[in-house]
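*Asks:* Residue numbers (my numbering), protein chains in the order written: chain A, 1 to 552; chain B, 1 to 552. Backbone N, C-alpha and C fix where the C-beta goes; we use that ideal spot for every residue, glycine too.
There are 2 protein chains.
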Amino acid sequence: MNGAQALIKTLADAGIEVCFSNPGTSEMHFVAALDTEPRMRAVLALFEGVATGAADGYARMADKPAATLLHLGCGLSNGLANLHNARKGKVPVLNIVGDHATHHMRYDAQLQSDIETVARNVSPDFVRTSMRTAELCRDAAEALTTCMGPPGGVATLILPADVSWGEGGTPQPCPPPPPAPAADAARVQEIARALAACGKKTALLLGRRALRDGMLQNLSCIAQHTGARLFAEVFPTRMERGAGLPHVERIAYLAELASVQLSGLEHLILVDAKSPVSFFAYPGKDSDLVPRGCQVHTLAAAHEDVAASVQRLLDATGAQAAQPLLQAPRRPELPRGKFTADKVCKAIGHLLPERAIIMDEAQTSGIMLPLFTAGAPRHDLLTLTGGAIGQALPCAAGAAIACPDRKVLALSGDGSAMYNLQALWTMAREKLDVVSIIFNNRSYAILNVELQRVGAAGAGEKARSQLDIGVPALDFVQLAAGMGVPGTRATTTEEFNRALAHALRTPGPHLIEAVVPPTLTGMKLRVLPHLLGSLKRLPKPLAQALKRGIVP
Amino acid sequence: MNGAQALIKTLADAGIEVCFSNPGTSEMHFVAALDTEPRMRAVLALFEGVATGAADGYARMADKPAATLLHLGCGLSNGLANLHNARKGKVPVLNIVGDHATHHMRYDAQLQSDIETVARNVSPDFVRTSMRTAELCRDAAEALTTCMGPPGGVATLILPADVSWGEGGTPQPCPPPPPAPAADAARVQEIARALAACGKKTALLLGRRALRDGMLQNLSCIAQHTGARLFAEVFPTRMERGAGLPHVERIAYLAELASVQLSGLEHLILVDAKSPVSFFAYPGKDSDLVPRGCQVHTLAAAHEDVAASVQRLLDATGAQAAQPLLQAPRRPELPRGKFTADKVCKAIGHLLPERAIIMDEAQTSGIMLPLFTAGAPRHDLLTLTGGAIGQALPCAAGAAIACPDRKVLALSGDGSAMYNLQALWTMAREKLDVVSIIFNNRSYAILNVELQRVGAAGAGEKARSQLDIGVPALDFVQLAAGMGVPGTRATTTEEFNRALAHALRTPGPHLIEAVVPPTLTGMKLRVLPHLLGSLKRLPKPLAQALKRGIVP
């Protein structure tokens, strides 16, 4: 058996079922070997950013990694941004990156580059070039163990062509992950004391595994029993929410709003989450969002056993008998009237099917989504974990492959959608049940906000033109049709309602282009901190959301 | 003046006129500063691969760098593949990569990554994070000097947000490049002796600056005088060719063909070119294409003065009075009959306007292009220097901005075109005179060839599906329309002829989708070496081309 065949068998034996691929010549033996392993599905992407983003979305929903198959350093480069998102979300992804044959590397041929350096940033815990066929599967098993974690992340195995085509490959079992430690008694007691002493001035900040159903129930019990608040990190990897599940308030993207959420806290307890910081720096503003004097505790870090740690805290606080605070079922009315991004979010809230998966990269247009879907049937929310735009469509495609029985909604801004739009082709090819909703406000609307926030004075015509993507106007319906995905353009609320209802009841991919005005146009973000005292001058739905403690 | 304003003035003072941009929050002060410098044009791209590829194409034609403006490590990542192409072509590109404010970096916010590591691969000679506003312009001037060379290449200046917005920026002059050495007398004499002793078994292999008009004339004189052959590297950065210019035969992409071209040589003289190696490795094949026993000489390396070195060799060989062998004007007939990729190439040869720029990434479909355009009016040919596909459309956009008075043709395979298709939007926005010709053969046709060449046995259904991009079929006319570019689909030779003639006489961007069968389908590439003796069983046009010494 050659290296490629043994490698695919090693992956399949470890339960890896999907490979998102964009191969080239150096991967041809791997491609040929696909037919030797019926347990491995190969999903072709037209661009590597689609393959890596799909692997991320798949792993978030399948709770296990997919492989990617990428063509040398340049193929990996094209997939880096979505691998960055996976890394920041601690999502397991196994990259198989083809390389030149070992004897060819010294010739510095056209596609030669230092692949290990390209991989290092997104794959800090495992980058290895497998130099011998006999050792390939051992390397692969080690890569898999590293990427599955805890904490989980991106591992990169570089596969020279001759190691792939060489005979003598031997499949290897993947060793189980080492047991993860739970919080020790001292740490748990310290946190329990803080909760007992000043519950209402304490918050639990939940990330990653803490945002899954079972864990949420226990954490909600602790919060109810002690008076503590529950926050979710600003960009959760995967968050289970909706009617019947504990409600958790997300930290806002805008540091000005996040500071309001966190003000007055004396203790902040991290549960598989990172201490909150501002997304960007702004002149004269703090980057650290933890209020001065607030003590930060870590109940469970990314490499630790979250479930066991939460259980210990439940016991230590005596909250076992408490009842979690569950979100009541509640949907907004079907929207009417002037068509805006908020109406899109409202229609989604009204129509969202049971167990849907929402991948939200709607940027400014999605600001009301958390509010309008809070009481919708239970669903999973995936978000842009690393801030590298262009994740929504690929990630949704991967999620749909992991969960073929669930409806996936991909929400994207127009600017973001143009990054990895090729994902639509994979959706059409694989007949994935994804409804892509593109908010076409014809601008990098968030940058109009940011231009104000950073205090960049004197934005003239040239500067403004850099944020304006409406000339020429993008036609997402034609773009989708060009890749085999049926699309609908909605310019009124009623058109959108109809299009969404149709897409949700029809299997296969659909795209809806929602032509909406930018959401935050009328708002003076620079003066937001001054407004937050009264909320009076904020847009009404945003002010309502803030009052309800559900902050965009 | 703040850092951003001083930086833009420093660039403009050094003659930099264009910035290809895809900015984010951390670049907002740079964006705001654009309006303070009327000499700087900002060209927005919807994806960073477009910005970097356009900067490459611009520099090839303008003979000076453009700047790019990219958003942190992920923005740079998205532009890496085309920067790889620029690096391999030794094309000057100055990346300005925004970063978080210096005081924000330690918080590891969502978009934080090690930008210097991301840049290292494509930008080995200059990567620097400018940490103080007062030093920014000195760093920028140094980056520019490095990137302009010789040899020229990619330089990356990382610009933290606070260094950009901080006051105290002072524009700096860009020092002139250090003088480049020419080949010394001993080297010139050694090469002249080889040419005198066995001219007919000697070849000059020309790359980069050696493929420009003035240099070509002198090199052709040397070849005519000594009997040596002239070869161009397989993927030239920029090659001037056509009627009235010396004809130079390109080394073939297929190592099997290149070996035929180079066989029998006793001396190979490199003129700003790299010694030829196989693009990929193949089981049991040599990677080094230099025939055994052939001696390789370097007349001028990338960091040296090519013009002076060639002049010295002209003098040493006594070829000053020789006449260069100039290509006679000759166009193919307008094609008729069954529509194939070869007919597209023939129609281009028939219709190519004077001083056109051809960016060729047609892969297998472009195999006959060199033959059919050899005697067309003089034109510039740009090619895929680093093998990272997705360069044609961005590079063509950049070339059109550098040469607004010339027609640009971008030739791309369907697979390649889908990598950075967003370039069409920039073409529409800037009203660029680019005719994009997409060869839609609905497959990664070159990989069908490569699958045979690497001897990957047992290509089953799954393997073949990885090379098939026809399900669903891509509709490039709709894709172009979605980005504001008018398009035409050609399914017959006559339709293509009409569409090309129309596009060439109409200003602004056009796309022509040529629906053609894969070019090399019927050909058994595995047995190619056995066929080369007789040429009888090769496709007729290919055999003709080989006989004429014009090898694809």
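Mark residue 213 of chain A as exposed unless 16 or more other C-beta atoms lie within 10 angstroms of its C-beta, in which case mark it buried.
*Replies:* Locating residue 213 of chain A in the first sequence gives position 213, where the first residue counts as 1. Its Cβ having fewer than 16 others within 10 Å, residue 213 of chain A is exposed.
*Asks:* For residue 239 of chain B and residue 62 of chain B, what's the separation of their Cα atoms in angstroms?
*Replies:* Within the second sequence, numbered from 1, the residue matching residue 239 of chain B stands at position 239. Within the second sequence, numbered from 1, the residue matching residue 62 of chain B stands at position 62. Distance between the alpha carbons of residue 239 of chain B and residue 62 of chain B: 14 angstroms.
*Asks:* So which residues of chain A does residue 162 of chain B contact, with C-beta pairs closer than 8 angstroms?
*Replies:* Taking the first residue of the second sequence as position 1, residue 162 of chain B is located at position 162. Counting only Cβ-Cβ distances below 8 angstroms, residue 162 of chain B has contacts in chain A at 281 and 283, in chain order.
*Asks:* Measuring only between beta-carbons, confirm whether residue 23 of chain A sits less than 9 angstroms from chain B.
*Replies:* Position 23 of the first sequence holds residue 23 of chain A. Yes, its Cβ sits closer than 9 angstroms to a Cβ of chain B.
*Asks:* Is the region 74-89 of chain B close to the region 191-204 of chain B, with three or more CB pairs under 8 angstroms?
*Replies:* no
*Asks:* Please report whether the beta-carbon of residue 359 of chain A lies at a distance below 9 angstroms from any beta-carbon of chain B.
*Replies:* As a first step, residue 359 of chain A is located in the first sequence; it is residue number 359 there, counting from the start. For residue 359 of chain A, the answer is no, since every Cβ of chain B falls outside 9 angstroms of its Cβ.
*Asks:* Is there a Cβ of chain A sitting closer than 9 angstroms to that of residue 465 of chain B, yes or no?
*Replies:* Position 465 of the second sequence, counting from 1, holds the residue named residue 465 of chain B. Yes, residue 465 of chain B lies at the interface with chain A (some Cβ there is under 9 angstroms from its Cβ).
*Asks:* Residue 149 of chain A to residue 302 of chain A, Cα distance in whole Å?
*Replies:* Position 149 of the first sequence, counting from 1, holds the residue named residue 149 of chain A. Position 302 of the first sequence, counting from 1, holds the residue named residue 302 of chain A. Taking the straight line joining both Cα atoms gives about 9 angstroms.
*Asks:* Only counting the same chain, and skipping five residues up and downstream in sequence, which positions put a Cβ closer than 6 angstroms to that of residue 530 of chain B?
*Replies:* Start at 1 with the first residue of the second sequence, and residue 530 of chain B comes out as number 530. With a pLDDT of only 42 at residue 530 of chain B, under 50, the local geometry of the prediction cannot be trusted, and the value read off the model is given with reservation. Within the same chain, residue 530 of chain B has no close Cβ partners at all.
*Asks:* With DSSP collapsed to three states, give me the class of residue 206 of chain B.
*Replies:* In the second sequence, the residue the question calls residue 206 of chain B occupies position 206. Three-state result, residue 206 of chain B: strand.
*Asks:* Using a Cβ-Cβ cutoff of less than 6 angstroms, which residues in the same chain neighbour residue 236 of chain A once the five nearest sequence positions on both sides are dropped?
*Replies:* Taking the first sequence and counting its residues from 1, the one referred to as residue 236 of chain A is at position 236. These residues qualify, in order along the chain: 211 and 383.
*Asks:* Check the C-beta distance from residue 23 of chain B over to residue 31 of chain B and give it rounded, since I have them as a contact under 8 angstroms.
*Replies:* By one-based count along the second sequence, residue 23 of chain B stands at place 23. By one-based count along the second sequence, residue 31 of chain B stands at place 31. Indeed, because the Cβ distance is near 5 angstroms, the residues count as touching under 8 angstroms.
*Asks:* Name the DSSP bridge partner or partners of residue 158 of chain B?
*Replies:* The count along the second sequence starts at 1 and reaches residue 158 of chain B at position 158. Answer is B/97 and B/129, bridged to residue 158 of chain B.
*Asks:* Are there 16 or more other CB atoms within 10 angstroms of the CB of residue 360 of chain A, so buried, or fewer, so exposed?
*Replies:* Within the first sequence, residue 360 of chain A is the residue found at index 360, counting from 1. Buried, because 16 or more other Cβ atoms sit within 10 Å of the Cβ of residue 360 of chain A.
*Asks:* Interface residues of chain A around residue 429 of chain B at Cβ under 7 angstroms?
*Replies:* Translated into the one-based positions of the second sequence, residue 429 of chain B becomes position 429. The contacting residues are 471 and 472.
*Asks:* From the DSSP output, which residues share a beta bridge with residue 220 of chain A?
*Replies:* Translated into the one-based positions of the first sequence, residue 220 of chain A becomes position 220. Listed as beta-bridge partners of residue 220 of chain A by DSSP are no residues whatsoever.
*Asks:* Using beta carbons (cut-off 9 angstroms, strictly below), is residue 385 of chain B in contact with chain A?
*Replies:* Translated into the one-based positions of the second sequence, residue 385 of chain B becomes position 385. Cβ-Cβ to chain A under 9 angstroms: yes for residue 385 of chain B.
*Asks:* Is it true that the CB of residue 316 of chain B sits closer than 9 angstroms to the CB of residue 269 of chain B?
*Replies:* Taking the first residue of the second sequence as position 1, residue 269 of chain B is located at position 269. Taking the first residue of the second sequence as position 1, residue 316 of chain B is located at position 316. No. Outside cutoff.
*Asks:* Does residue 446 of chain B get closer than 9 angstroms to chain A when you measure Cβ to Cβ?
*Replies:* By one-based count along the second sequence, residue 446 of chain B stands at place 446. Chain A, which has a Cβ nearer than 9 angstroms to the Cβ of residue 446 of chain B, makes this yes.
*Asks:* For my contact list, residue 132 of chain A and residue 163 of chain A are in at a C-beta cut-off of 8 angstroms; report their separation, rounded to the angstrom.
*Replies:* Within the first sequence, the letter at position 132 stands for residue 132 of chain A. Within the first sequence, the letter at position 163 stands for residue 163 of chain A. Correct: roughly 6 angstroms between the Cβ atoms.
*Asks:* Could you name the residues of chain A that residue 293 of chain B contacts, counting a contact when the two beta carbons are closer than 8 angstroms?
*Replies:* Position 293 of the second sequence, counted from the start, is the residue given in the question as residue 293 of chain B. Result: empty, since nearest Cβ-Cβ is about 19 angstroms, beyond 8 angstroms.
*Asks:* So that I know if they touch, is there some Cβ in chain B lying closer than 9 angstroms to that of residue 107 of chain A?
*Replies:* By one-based count along the first sequence, residue 107 of chain A stands at place 107. Yes - at least one Cβ of chain B is within 9 angstroms of the one on residue 107 of chain A.
*Asks:* In whole angstroms, what separates the C-alpha of residue 278 of chain B from that of residue 453 of chain B?
*Replies:* Reading the second sequence from its first residue, position 278 is the one you call residue 278 of chain B. Reading the second sequence from its first residue, position 453 is the one you call residue 453 of chain B. Distance from the CA of residue 278 of chain B to the CA of residue 453 of chain B, rounded to the nearest whole angstrom, comes to 12 angstroms.
*Asks:* Cα separation between residue 135 of chain A and residue 169 of chain A?
*Replies:* Translated into positions along the first sequence, residue 135 of chain A becomes position 135. Translated into positions along the first sequence, residue 169 of chain A becomes position 169. Cα-Cα distance, rounded: 8 angstroms.
*Asks:* Is it true that the CB of residue 102 of chain B sits closer than 9 angstroms to the CB of residue 127 of chain B?
*Replies:* The residue given as residue 127 of chain B occupies position 127 in the second sequence. The residue given as residue 102 of chain B occupies position 102 in the second sequence. Contact: no.
*Asks:* Helix or strand or just coil, what does DSSP make of residue 555 of chain B?
*Replies:* Past the edges of chain B, shown from 1 to 552, lies residue 555 of chain B, and the structure says nothing about it.
*Asks:* For residue 243 of chain A versus residue 375 of chain A, is the C-beta distance shorter than 9 angstroms?
*Replies:* As a first step, residue 243 of chain A is located in the first sequence; it is residue number 243 there, counting from the start. As a first step, residue 375 of chain A is located in the first sequence; it is residue number 375 there, counting from the start. In contact: residue 243 of chain A and residue 375 of chain A (Cβ atoms closer than 9 angstroms).
*Asks:* At which residues does the beta strand (DSSP E) containing residue 317 of chain A begin and terminate?
*Replies:* Here the question's residue 317 of chain A lines up with position 317 in the first sequence. Looking at the DSSP string, residue 317 of chain A is not in any beta strand (DSSP E); the run it does join, the alpha helix (DSSP H), is 306-317.
*Asks:* Along the chain, where does the beta strand (DSSP E) containing residue 300 of chain A start, and where does it finish?
*Replies:* In the first sequence, residue 300 of chain A corresponds to position 300, counting from 1. Residues 295-300.
*Asks:* Run through chain A and tell me which residues come within less than 9 angstroms of residue 121 of chain B, C-beta to C-beta.
*Replies:* In the second sequence, the residue the question calls residue 121 of chain B occupies position 121. The answer, in chain order, is 73, 77, 113, 114, 115, 117 and 118.
*Asks:* If we call anything under 9 angstroms between Cβ atoms a contact, is residue 363 of chain B one with residue 50 of chain B?
*Replies:* Translated into the one-based positions of the second sequence, residue 363 of chain B becomes position 363. Translated into the one-based positions of the second sequence, residue 50 of chain B becomes position 50. Their beta carbons are not under 9 angstroms apart, which means residue 363 of chain B does not touch residue 50 of chain B by this criterion.
*Asks:* Can you tell me whether residue 241 of chain B is buried or exposed? The criterion is at least 16 other CB atoms within 10 Å of its CB, across all chains shown.
*Replies:* As a first step, residue 241 of chain B must be located in the second sequence, where it is residue number 241. Buried, because 16 or more other Cβ atoms sit within 10 Å of the Cβ of residue 241 of chain B.
*Asks:* Does the count of Cβ pairs from the region 304-324 of chain B and the region 175-182 of chain B closer than 8 angstroms reach three?
*Replies:* yes
*Asks:* Give the straight-line distance between the Cα atoms of residue 463 of chain B and residue 491 of chain B, rounded to the nearest whole angstrom.
*Replies:* Numbered from 1 along the second sequence, position 463 holds the residue referred to as residue 463 of chain B. Numbered from 1 along the second sequence, position 491 holds the residue referred to as residue 491 of chain B. Spanning the two alpha carbons is a distance of roughly 28 angstroms.
*Asks:* By the criterion of Cβ-Cβ separation under 9 angstroms, what are the contact partners of residue 454 of chain B in chain A?
*Replies:* Numbered from its first residue, the second sequence carries residue 454 of chain B at position 454. Those within 9 angstroms of residue 454 of chain B in chain A are 25, 26, 28, 29, 32, 161 and 165.
*Asks:* Among A/159, A/146 and A/153, which one has its Cα closest to the Cα of residue 116 of chain A?
*Replies:* Here residue 116 of chain A corresponds to residue number 116 of the first sequence, with the count starting at 1. Nearest option by C-alpha distance: A/159.
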